[in-house]
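Position in the sequence shown (first residue = 1) + 1 = my numbering.
Note that the Cβ used here is the ideal one computed from N, Cα and C, for glycine as well.
Note that this is a predicted model, so its numbers are computed, not measured.
Accompanying notes for the structure given below.
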Amino acid sequence: MGVNCRRRTMPFVGTLAVLALATLRGANAQDTTNATCLSNYSFLYNSKGQSPCLVAAYVAGVCNGGQFNVPALIDGAHYTGPLTSDANNCLCSSIFYCLMSACGLCQNGPVITWTDWTKNCSTVYLTVYPENIPSVTAIPAWAYVNFSVRIFLYIFRFIMSRFLFHGHAALRSISQQDPTTK
């Protein structure tokens, strides 16, 4: 199983995602990604040096027998939320959404809203990951942000605090602020 990609102007599942899904079916796959973050997004990596794309693969794999692929974005594509048939605790968590949003951003891709991401989810998990976190990974603190607006605002604040203030106090004050409503 893997995540879907879509071009902004085309209503079909990205070719790369289809190939990734086909490759994984029947294969002894593991949690993987071929997505590569641009070097100026290294601050999004977790404490184990893993990209948000790989962390997303690990946390989604928990609900899929340890098998999940996050493909690299192709030009003009973005990651989409789960299909109704694929929606589960892992994919319908804001933690996974934040990781996938960061994965898209670090490839200079667009990001969809939380509302669009969860349109096929019967239950959503805001600011919690409802399963056990695999020991091979760690979820970055920024993925737990309680947001009620687009993720862009929080990533922007995180980026600004990281590069302008260079201190953990700035990060703590941002994470403790109440989210702005739409």
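| Item | Value |
| --- | --- |
| Would the region 36-46 and the region 106-115 be scored as touching if the rule is three or more Cβ pairs under 8 Å? | yes |
| Taking the straight line between their C-alpha atoms, what separation do you get for Asn80 and Ala57? | Residue identity differs from the one stated: residue 80 is Tyr in this sequence, not Asn. Their Cα atoms are separated by approximately 12 Å. |
| Pick helix, strand or coil for Tyr80, following the three-state DSSP scheme. | strand |
| Look up Tyr126 in the DSSP assignment and say whether it is helix, strand or coil. | strand |
| Taking contact to mean 3 or more Cβ pairs, one atom from each stretch, closer than 8 Å, check whether the region 58-68 and the region 130-138 are in contact. | yes |
| Would you decide whether Met11 is buried or exposed? Buried here means 16 or more other CB atoms lie within 10 Å of its CB. | Model confidence at Met11 stands at a pLDDT of 31, short of 50, so the residue's coordinates are unreliable and nothing is read from them. |
| Consult DSSP for Val56 and reduce its assignment to one of helix, strand or coil. | helix |
| Rounded to a whole number of angstroms, what is the C-alpha to C-alpha distance between Gly77 and Val112? | 11 Å |
| I need the straight-line Cα distance from Val137 to Cys104, nearest angstrom please. | 18 Å |
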